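In my numbering, the protein residues as written are 234 to 320. Structure record follows, encoded as structure tokens.
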């Protein structure tokens, strides 16, 4: 797992543990929701400023986003969608 995937894994794990949607996290961190999604998927070279903003919202240290991931652990679960169904 490369560092972008590690950050994404930890971001998702911490966000879900806090009960925050990607949208809520992005709003509170003043960043774009799609950027949060790309970070979680390990597709972004995330900036230090974004890491700091995300860590502040999650009330964790930036270093927590770099924590080693146990290769045997399962992917953090997705949050239940709160969107209204389309008719």
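Idealized CB from N, CA, C, for every residue including glycine. Remember, it's a predicted structure, so these values are computed and weren't measured experimentally.
Residue span of the alpha helix (DSSP H) that contains residue 279, given as start and end: Here residue 279 refers to the residue found at position 46 when the chain shown is read from its first residue. Note, residue 279: premise wrong, no alpha helix (DSSP H); not H, not E.
Expected contact under 8 Å - CB spacing of residue 297 and residue 283 to nearest Å: As a working note, residue 297 is residue 64 in the chain shown. As a working note, residue 283 is residue 50 in the chain shown. In fact, because the Cβ distance is near 15 Å, the residues do not count as touching under 8 Å.
Sequence-distant residues of the same chain with beta carbon closer than 7 Å to residue 290, five excluded per side: Counting from one through the chain shown, the residue named residue 290 turns up at place 57. These residues qualify, in order along the chain: 258, 261 and 262.
Where residue 306 falls: helix, strand or coil (DSSP): Residue 306 sits at position 73 when you count from the first residue of the chain shown. Here residue 306 sits in coil by DSSP.
Distance CB(residue 275)-CB(residue 241) smaller than 7 Å: Residue mapping note: residue 275 aligns to position 42 of the chain shown, counting from 1. Residue mapping note: residue 241 aligns to position 8 of the chain shown, counting from 1. A contact, by the Cβ cut-off of 7 Å.
Cβ separation of residue 244 and residue 273, assumed to be a contact under 8 Å, to the nearest whole Å: Taking the first residue of the chain shown as position 1, residue 244 is located at position 11. Taking the first residue of the chain shown as position 1, residue 273 is located at position 40. So it is a contact: roughly 5 Å between Cβ atoms.
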